[in-house]
Each structure stands twice: as C-alpha cells, then as structure tokens.
Amino acid sequence: MSIIVENNIFHLTNGGVSYIIGILNDRLEHIYWGPAIKENDVSYITEKSHVIWSNDIDIETLEMPFYGTGDYRIPMLELQFDDGSRIIDLKCEAYEVFKGKKPLDGLPATFESDIYGVESLHLLFHDELKKIHLLMKYSIFENGAITRSVELFNKSSNIVKINKIHSASIDFLTCDFEVITLQGAWARERHICRQPVQKGLFQISSNRGHSSHTSNPFMALVSPSTTEMTGDVYGMNLIYSGNFQAQIEVSPFEVTRFQMGLSDFDFSWQLQPGCSFVTPEVVLVYSSSGLNGMSQIYHGLYKSNLCRSDYKNKNRPILINNWEATYFDFDEKKLLSIAEAGKSIGLEMFVLDDGWFGSRNDDRSSLGDWTVNINKLPNGLEDLAIKVNDIGLTFGLWIEPEMISPDSDLFRLHPEWCLHVPNRRKTETRHQLVLDLSRQEVCDYIIDTVSKVLESANIEYVKWDMNRSMTEIGSSSLNHLHQMEIGHRYILGLYNILETITSRFPNILFEGCSGGGGRFDGGMMYYMPQHWVSDNTDAYERLMIQYGTSLVYPVSAMGCHISDVPNHQTHRVIALESRAHIAMSGVFGFELDLSKVSDEEKDMMKKFVRFYKENRELYLYGDFYRLSSPFINNYGIWQHVSKDKTESIVCVFKKMHVPNMREKKFRLTGLDKDKLYCSEDDAIKMSGNTLMNVGLVIPKGKSDFESFIIKFVEAT
Ligand code: GLA
Numbered sequence: 001m002s003i004i005v006e007n008n009i010f011h012l013t014n015g016g017v018s019y020i021i022g023i024l025n026d027r028l029e030h031i032y033w034g035p036a037i038k039e040n041d042v043s044y045i046t047e048k049s050h051v052i053w054s055n056d057i058d059i060e061t062l063e064m065p066f067y068g069t070g071d072y073r074i075p076m077l078e079l080q081f082d083d084g085s086r087i088i089d090l091k092c093e094a095y096e097v098f099k100g101k102k103p104l105d106g107l108p109a110t111f112e113s114d115i116y117g118v119e120s121l122h123l124l125f126h127d128e129l130k131k132i133h134l135l136m137k138y139s140i141f142e143n144g145a146i147t148r149s150v151e152l153f154n155k156s157s158n159i160v161k162i163n164k165i166h167s168a169s170i171d172f173l174t175c176d177f178e179v180i181t182l183q184g185a186w187a188r189e190r191h192i193c194r195q196p197v198q199k200g201l202f203q204i205s206s207n208r209g210h211s212s213h214t215s216n217p218f219m220a221l222v223s224p225s226t227t228e229m230t231g232d233v234y235g236m237n238l239i240y241s242g243n244f245q246a247q248i249e250v251s252p253f254e255v256t257r258f259q260m261g262l263s264d265f266d267f268s269w270q271l272q273p274g275c276s277f278v279t280p281e282v283v284l285v286y287s288s289s290g291l292n293g294m295s296q297i298y299h300g301l302y303k304s305n306l307c308r309s310d311y312k313n314k315n316r317p318i319l320i321n322n323w324e325a326t327y328f329d330f331d332e333k334k335l336l337s338i339a340e341a342g343k344s345i346g347l348e349m350f351v352l353d354d355g356w357f358g359s360r361n362d363d364r365s366s367l368g369d370w371t372v373n374i375n376k377l378p379n380g381l382e383d384l385a386i387k388v389n390d391i392g393l394t395f396g397l398w399i400e401p402e403m404i405s406p407d408s409d410l411f412r413l414h415p416e417w418c419l420h421v422p423n424r425r426k427t428e429t430r431h432q433l434v435l436d437l438s439r440q441e442v443c444d445y446i447i448d449t450v451s452k453v454l455e456s457a458n459i460e461y462v463k464w465d466m467n468r469s470m471t472e473i474g475s476s477s478l479n480h481l482h483q484m485e486i487g488h489r490y491i492l493g494l495y496n497i498l499e500t501i502t503s504r505f506p507n508i509l510f511e512g513c514s515g516g517g518g519r520f521d522g523g524m525m526y527y528m529p530q531h532w533v534s535d536n537t538d539a540y541e542r543l544m545i546q547y548g549t550s551l552v553y554p555v556s557a558m559g560c561h562i563s564d565v566p567n568h569q570t571h572r573v574i575a576l577e578s579r580a581h582i583a584m585s586g587v588f589g590f591e592l593d594l595s596k597v598s599d600e601e602k603d604m605m606k607k608f609v610r611f612y613k614e615n616r617e618l619y620l621y622g623d624f625y626r627l628s629s630p631f632i633n634n635y636g637i638w639q640h641v642s643k644d645k646t647e648s649i650v651c652v653f654k655k656m657h658v659p660n661m662r663e664k665k666f667r668l669t670g671l672d673k674d675k676l677y678c679s680e681d682d683a684i685k686m687s688g689n690t691l692m693n694v695g696l697v698i699p700k701g702k703s704d705f706e707s708f709i710i711k712f713v714e715a716t
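For the sequence shown, our numbering assigns the number 1 to the initial residue and increments by one for each residue that follows.
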C-alpha cells in the first residue's frame with residue numbers, strides 16, 4: 001500500500017486498486033479509479049484522460065468541482081461570500097503524505113487498526129482573494145477501500161456561507177453504467193434497486209433528519225453486465241446518520257459525475273471567521289469481482305476499522321426481547337415468566353423494551369421521563385435486573401433518549417426543548433416530538449439522564465431507539481441565520497452524546513434502532529456494533545431486507561429475531577425452521593411470548609440455539625457471500641465461510657414452491673478448491689473445486705417459504 005507522488009500526480013494504490021488524481025491546469029482532476037496500474041503507465045493514462053484541446057472545463061474529469069467558472073454540472077462546493085459573490089478560485093498550496101489517518105473533528109470515521117493499515121494524503125488549496133482554505137483528505141486502506149472528506153477553513157474576517165459541501169465527487173470518462181441503491185420504507189428497508197444510468201441528473205437523498213428507511217446513504221455504479229461474482233463496481237457509502245444526498249450526472253459529453261455528501265436541501269452553514277467545517281467521510285470501494293467483491297471490502301473495513309465497540313469481535317448474547325410478546329402490557333411476573341422460558345431454551349439475555357418508564361402504558365406519553373414506572377415495576381429496575389440475573393440471564397433495556405412526549409414532565413418543564421418553529425404547529429408522529437440536539441443543555445440532559453438509568457441497575461445491553469423523522473426543523477436557541485444548520489447540528493449533538501455515553505459505559509453492548517432500520521448507517525456503526533435491521537420480522541421479508549443490507553453492512557451488525565406467527569407486520573405464517581434460518585444469519589435473538597410456546601416448538605428452538613452457539617463465530621465473523629438474489633430469483637441463497645475456509649454454512653430460502661419442477665443446482669463460493677468438504681449428515685462429500693464449479697443440488701422441498709441450511713466442514 002502506498003501513495004506515490006510525481007509531477008503533481010497522486011497515485012493511491014494497495015497493489016490491487018489504483019486511484020489517481022492530479023493537479024493539471026491548476027485544477028484537481030480525476031484521472032483514474034480501477035484495477036491497479038503500473039507506475040510506469042501513470043503518465044500515459046494522465047495524458048489520455050486529460051483534455052487539452054478545450055476551453056470548456058465542462059468536459060473535464062474533475063475531482064473537486066465548483067460552480068461559476070465554466071463547469072455547468074452539479075458542483076461539490078457552493079459558497080457565498082460577504083459581498084454576495086459565489087466565485088471560488090482554489091490553488092494548491094501544499095500536500096502531505098503520511099502513514100495512518102487523522103480523526104475527523106466531531107464526526108465518526110474509519111481508523112487504522114491491526115487488521116488494515118492505512119496511508120493518507122492531504123491536499124491543501126487556498127483562495128487568495130477570499131482567504132479560504134480547503135483541505136482535501138484522502139486515505140487508502142490495505143484492503144483497497146479509499147476514504148475522502150473535506151475541511152473548509154475560513155481565514156478571513158468575514159462570514160462565509162456554505163450552501164453545499166459534498167464529501168466526494170468523481171468524474172468517469174464513460175456513462176456505460178447501471179446504478180444500484182438501497183431503497184425502501186418502514187418494514188421494507190434497503191431493497192436493492194438497480195436501473196440504467198441515463199443522461200441528466202439522478203439523485204437519492206434523505207431530508208428526514210435521519211439517514212432513513214427510504215434511502216440508505218449508499219450508491220454504486222456498476223457495468224451493465226456486473227453480477228454478484230463478476231464485473232466492475234464503484235461503491236460510495238457516507239459515514240453519516242442525517243440528511244444526505246447521492247447524485248449522478250451524465251453530461252452531454254457522456255462523462256458521469258458521481259457525488260455524495262450532506263444534503264444541500266434545507267442546508268446552509270454560516271462559517272465564522274477562524275472556524276472550519278468538516279464534512280462526513282465517504283468510503284469508496286472498487287471491485288472487479290462483482291457486488292460480493294465490493295461487500296467483502298466494506299464488511300472487512302467496517303468490522304475492524306469503523307466499529308469501535310469492545311463487542312466488535314465478541315460473541316453477542318442471544319437475547320429475548322419482550323416487545324412483540326407484551327407490547328406495553330406487562331408486569332414483573334409476566335416479564336420474569338418470559339425470561340425463565342428463555343433460559344429454558346438456552347438464551348443468554350432478557351431485554352425489557354418500551355413501557356418501563358414514566359406512566360407509559362401506550363405510546364401517548366412519558367418519553368423524556370426516564371424514571372421507572374412503579375405501577376408496572378414496583379420494585380424498580382435494579383430489582384428486576386437482579387431477578388433476571390438470578391434466572392441466569394443478563395439484563396438489557398430499551399430507551400429512546402432523543403424524543404419527548406408532549407404529555408411528559410420534561411415537556412411541561414421545557415416546552416422549548418423540542419425541534420420547532422415558534423407559533424407553528426408541532427407535527428407529532430407516534431404522539432411524540434424530537435428533542436433539539438443542537439442545544440447543548442439538551443445534550444447534557446440526555447447524557448445525564450441516560451447515565452443515571454444505566455447506573456441504576458446491572459444493565460449490560462441498551463437498545464437505543466429513535467422512532468420518528470423530523471419536522472419543523474428549527475431551534476429557538478439560534479437566530480434566523482442558523483436555522484438551516486439545525487439538521488446537521490442535531491447529528492453533531494447526537495454524536496457528542498454517543499461519544500460520551502459509549503466511552504463512559506464501555507462494557508455495555510449498544511444496539512441502534514430507528515423504528516426498525518431507519519438509521520442503519522456507518523455513523524451509528526462507529527458507536528454501536530449492532531442495529532435492529534427492521535421492525536418487520538417476517539422471514540420472507542427479512543430475506544430481502546438482510547440480503548440488501550449486506551451489500552454494505554456486515555452480518556455482525558444486523559439484529560435479527562425469531563418472532564411469532566401470524567407475523568405481526570405481514571400476518572403471514574412461515575414455519576419456525578425458516579424463521580430461525582434467516583434470523584441466525586445475523587445477531588440472533590427472539591421476540592415473542594416464549595411462555596406460551598408449545599413444548600414441541602421449544603425443543604426445536606433449543607436445537608436452533610445450540611446450533612447458533614456452536615456456529616456463532618462463523619455466522620458473525622466469517623466471510624459472507626450472496627449467491628442468489630431473492631429480488632430476481634425464486635431462491636434467496638447466501639453462504640457463510642470461516643476465515644480458514646474449513647467450515648461453511650449455506651442458507652437457502654425458497655420463496656414459492658413450484659410444482660413439477662426438478663431440483664436446482666447452485667455454485668458455492670469462497671471455499672478452498674483443494675479441500676474436501678463434508679456435510680454434517682455425511683450425505684455430501686465433495687471438494688471445494690466441485691462445490692464451486694459444479695455446484696450443490698438444493699432439495700426440492702414441498703411448500704412455500706421453505707428453507708434449508710447445509711453446513712460443511714473440512715473432511716478429515
Ligand atoms: C420501535 C422499535 C421496536 C420497538 C418499539 C417500541 O418501533 O423498532 O422494536 O422497540 O419501537 O416502541
């Protein structure tokens with residue numbers, strides 16, 4: 001891995017991938033990103049990619065485009081100065097190459113680890129007239145992932161208004177692409193959406209205040225022929241939990257601009273003299289071996305170089321959560337009966353969900369009043385945790401600290417603490433409002449209150465929820481000039497809270513949640529190793545959601561539970577076996593009233609729990625490959641392979657049973673071609689080579705929504 005600098009050309013490479021930029025014509029130009037290029041060829045490529053015959057910079061491949069000097073495509077940076085002008089003229093002043101990577105002030109970001117080393121390049125530009133400096137930050141990790149972010153410094157004595165500042169922009173000299181995004185809604189998050197790239201502008205974004213259920217901050221450009229296993233993929237993923245934007249623009253000259261960063265919708269920032277603005281980080285991944293190749297790089301990086309928690313490599317407890325078992329209707333006796341039933345099937349943790357605080361008996365009140373609801377739990381949380389511990393389970397708790405119910409003591413005391421615009425209606429969702437995290441006193445209150453709760457009992461896990469999108473994004477603590485900063489200030493406040501709480505309680509396992517998977521992003525992953533994937537626990541729906549989520553995020557980040565049937569979201573009845581198979585391909589748990597489950601089902605559950613415990617390491621920390629997409633095939637298939645390739649679990653889910661059809665065969669991947677593999681029941685004994693080239697015959701089965709798990713171990 002190295003960063004080679006010659007004649008103002010900067011070549012970032014790990015030997016497998018090259019990313020080449022250069023200062024040409026006084027501008028930072030994008031020269032190449034793709035399979036590694038020999039250093040000797042760099043000057044040739046530079047000559048060929050650089051356009052020297054035109055006065056029009058609209059056709060060039062730029063790395064840091066801005067508006068007003070002849071590039072009419074979407075800019076990465078839009079500023080306005082005190083005299084009203086918007087013209088920027090940036091000249092490179094200096095550069096620095098160094099081992100390692102510097103943190104981003106106030107923002108989560110990837111870092112160096114024992115697994116993947118990193119080298120960085122900082123390029124400093126300045127605008128002489130307006131006295132602004134722009135630092136372009138690049139890093140390349142050993143596994144080929146590249147990160148970019150930008151820091152803008154105001155060295156003048158006037159305010160500079162930022163109207164748009166994206167983290168990365170790349171121009172490709174082709175438009176022969178398709179675009180992949182992860183789209184959805186509540187209960188159907190991160191479905192894979194693939195469509196041709198066409199002339200003009202294409203955008204996905206979130207303007208909801210959180211990264212959202214509807215669009216994930218991820219976009220990939222792929223060759224039209226790219227599959228899971230083959231072809232070019234260029235991925236971008238923003239490490240950010242708030243409003244974002246990802247854009248593609250194909251110019252009349254068939255150059256494709258690919259850009260990602262903070263959303264410029266409802267955003268502007270007054271950059272004060274002497275201050276700087278740091279953008280979130282974009283992680284860029286190129287793969288020539290299809291979508292799986294890209295996912296492997298993201299998974300590896302996020303597991304070891306983004307997630308900070310002590311739990312990132314530890315076994316995560318198999319938990320039972322009471323939400324779908326009781327909703328708000330519980331008392332201590334009921335909870336303990338569920339915990340006892342959980343213990344009897346081998347579970348390891350009991351999690352108390354919503355309804356334990358204030359006077360919360362439904363979703364109409366009490367968010368903000370984080371003291372125990374003594375009508376339901378007269379002996380308090382500490383006593384409940386002791387009783388759960390006595391049963392032999394650890395104890396975890398749900399909390400939603402960023403919210404406030406209008407019917408709460410907190411609201412009665414501080415009505416100004418919610419996001420709102422004075423004299424306007426405050427739009428409630430689920431009868432709740434969002435606390436204004438741009439206010440320091442609100443962040444301090446949350447840190448203080450959550451700390452008190454976490455110190456009040458033996459709490460070893462927290463489910464940190466955030467159940468609504470933001471509306472009336474305004475703050476009464478800032479003047480009119482700063483109102484369009486609130487969305488970003490909220491996220492900075494949130495990161496500050498999470499930094500304090502997770503450092504103060506390093507032994508607690510945190511699971512993020514946002515009405516299911518409404519904030520499933522790299523920003524949250526930095527603080528919390530696992531996240532609730534979706535409120536939809538129907539196995540068929542989860543097949544899609546988990547498949548899509550795995551494009552970027554590792555299995556060890558996905559909270560997946562077995563729930564009851566008929567399923568509470570879809571009313572579908574799917575066999576326990578299929579529900580278990582899908583839920584085991586993640587951080588496994590249960591979410592149903594176990595005290596009402598039949599002995600026969602309990603026996604089956606025990607078997608799944610035992611299997612998961614035996615294979616937890618393989619599931620969570622092995623390599624994960626997608627083999628057959630449920631978005632386009634009747635079979636959704638994926639495979640977990642241990643790092644040493646001695647073990648593998650293949651998980652097959654058949655959507656619909658097709659009558660009078662012969663068995664299907666699927667090629668496995670990721671195995672050692674020279675090893676002999678044997679299925680657990682000894683029925684299959686084949687070399688890795690045969691399993692990967694000829695394939696594995698999948699049983700026909702007899703019904704809809706059926707699944708199979710086949711575990712292979714190296715034969716001795
Ligand atoms: C959200 C979560 C659920 C549950 C409820 C409680 O919807 O996604 O899992 O915790 O809140 O109100």
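Cβ coordinates follow ideal geometry from the N, Cα and C atoms, glycine included.
These figures come from a predicted structure and were not determined experimentally.
Residue state for Ser169 is assigned as strand, using DSSP reduced to three classes. Using a Cβ distance threshold of 9 Å, Tyr495 and Gly523 count as a contacting pair. Taken in chain order, the whole beta strand (DSSP E) runs of length 3 or more contained in the region 182-265 are 191-196, 200-205, 215-222, 233-239, 244-250, 256-262. Excluding residues up to 5 positions away in sequence, Ser295, Phe624, Arg626 lie with their Cβ nearer than 7 Å to the Cβ of Ser550 in the same chain.
Contact between Thr429 and Ser469 holds: their C-beta atoms lie close to 7 Å from each other, under 8 Å.
Taking one beta carbon from each stretch, the region 383-395 and the region 415-433 have fewer than 3 pairs nearer than 8 Å; the two do not touch. Counting other Cβ atoms within 10 Å of its Cβ, Gly100 stays below 16 and is therefore classed as exposed.
Relative to the ligand GLA, Asn373 has its C-beta separated by 8 Å or more from all heavy atoms. Between the region 235-243 and the region 485-505, the count of C-beta pairs closer than 8 Å reaches three or more; the two stretches touch. Here DSSP, grouped into helix, strand and coil, assigns Asp623 to strand. The residue from Lys607, Glu472, Met558 with its alpha-carbon nearest to that of Ser585 is Met558. Residue burial annotation: Gly548 is buried, with at least 16 other C-beta atoms found within 10 angstroms of its C-beta. Of the other Cβ atoms in all chains shown, 16 or more fall within 10 Å of the Cβ of His11; this residue is therefore buried. In this structure, Glu348 has its CB at a distance of at least 8 Å from all heavy atoms of the ligand GLA. Collapsing the DSSP output to three states places Glu78 in a strand. Following the DSSP letters along the chain, one finds Ala94 inside the beta strand (DSSP E) bounded by residues 91-99. With 6 Å as the limit, the residues whose C-beta approaches any heavy atom of the ligand GLA more closely are Trp323, Asp353, Asp354, Trp398, Asp465, Asn467, Cys513, Gly515, Gly516, Trp532, Asp535, in sequence along the chain. Between the region 519-538 and the region 165-180 there are fewer than three inter-stretch CB-CB distances shorter than 8 Å, so the stretches are not counted as touching. Leu152 and Gln483 have their C-alpha atoms roughly 20 Å apart.
By the neighbour-count criterion, in which 16 or more other beta carbons inside 10 Å mark a residue as buried, Asn237 falls on the buried side. For Asp521, the CB contacts under 6 Å within the same chain, skipping 5 residues up- and downstream, are Ser211, Pro217, Ser241 in chain order. The DSSP-derived three-state label of Asp127 is strand.
Excluding sequence positions up to five before and after Gly231, its CB lies within less than 6 Å of the CB of Ser223, Ser225, Gly290, all in the same chain and listed in chain order. Listed in chain order, the alpha helix (DSSP H) elements of length 4 or more contained wholly in the region 555-599 are 576-584. A residue is called buried once 16 or more other Cβ atoms fall within 10 Å of its Cβ, and Ser366 is buried on that count.
Per DSSP, the continuous alpha helix (DSSP H) segment holding Ile447 begins and ends at 440-455. According to DSSP, Glu511 shares a beta bridge with Lys463, Gln530.
Ala583 places its beta carbon less than 9 Å from that of His561.
If the five residues before and after Ser288 are omitted, its C-beta is found closer than 7 Å to the C-beta atoms of Pro35, Asp232, all from its own chain and listed in chain order.
Under the Cβ criterion (8 Å, minimum of three pairs), the region 637-644 does not count as touching the region 676-687. Ranked by Cα distance from Gly261, the first of Leu62, Ile248, Thr690 is Ile248. In this structure, Gly293 is the residue among Gly293, Glu680, Gly622 with its C-alpha nearest to the C-alpha of Gly16. Residue state for Tyr540 is assigned as helix, using DSSP reduced to three classes. Residue environment analysis places Tyr116 among the buried positions, since at least 16 neighbouring C-beta atoms fall within 10 angstroms of its C-beta. The Cβ-Cβ distance between Ala145 and Leu284 falls below 9 Å.
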